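Numbering follows the UniProt record's numbering, with no gaps: position 47 of the sequence shown is 47.
Glycine included, every Cβ here is placed at the ideal spot set by N, Cα and C.
Since the structure is predicted, the reported quantities are computational estimates derived from the model, not experimental observations.
Take a look at the structure below.
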Amino acid sequence: MTVLTPTQTVFSGDVRSAMIPGTEGYAGFLEDHVPFVTPLKTGIVELVTEKEILYYAVAGGYFEFSTQGIVILTETAEQPQEIDLEQALEAKKIAEQNLVQAGEDGDLEVLAAEVEKAEVRVEIAQKK
Numbered sequence: 001m002t003v004l005t006p007t008q009t010v011f012s013g014d015v016r017s018a019m020i021p022g023t024e025g026y027a028g029f030l031e032d033h034v035p036f037v038t039p040l041k042t043g044i045v046e047l048v049t050e051k052e053i054l055y056y057a058v059a060g061g062y063f064e065f066s067t068q069g070i071v072i073l074t075e076t077a078e079q080p081q082e083i084d085l086e087q088a089l090e091a092k093k094i095a096e097q098n099l100v101q102a103g104e105d106g107d108l109e110v111l112a113a114e115v116e117k118a119e120v121r122v123e124i125a126q127k128k
């Protein structure tokens, strides 16, 4: 299993299972799953290793499941300890205000995505 961003390898190792936010909903994977590639949605990746459960807030990208394993390619991947809860709450508040104030003239899709990303960051920051 590998989690990659444009700047680094965030995780590389064996996992027992993985829950990944795809565009059609969360997908769970165990060994011998059918291979496929699909877009990644903003959400929380949960990786279960032999020793721990790891969580990552991800935003956009793709994931591939193949006989070689799982590869997640994402713009961002943050663990709970990397996120300041107070800052995440403030960012969520600002994103929600921007969405409300945008009205019909704003790019609602982009603003809604910012709210979703902020909500995921708050949720994962609370997993510390």
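Backbone CA spacing between residue i and residue j [nearest angstrom]
i	j	result
residue 43	residue 8	19 Å
residue 25	residue 81	25 Å
residue 86	residue 5	25 Å
residue 124	residue 21	14 Å
residue 84	residue 27	28 Å
residue 128	residue 121	12 Å
residue 11	residue 78	11 Å
For residue i, three-class secondary structure by DSSP
i	result
residue 80	helix
residue 100	helix
Residue span of the alpha helix (DSSP H) that contains residue i, given as start and end
i	result
residue 108	108 to 125
DSSP beta-bridge partners of residue i
i	result
residue 61	74
Element boundaries [beta strand (DSSP E), containing residue i]
i	result
residue 19	17 to 22
residue 47	43 to 48
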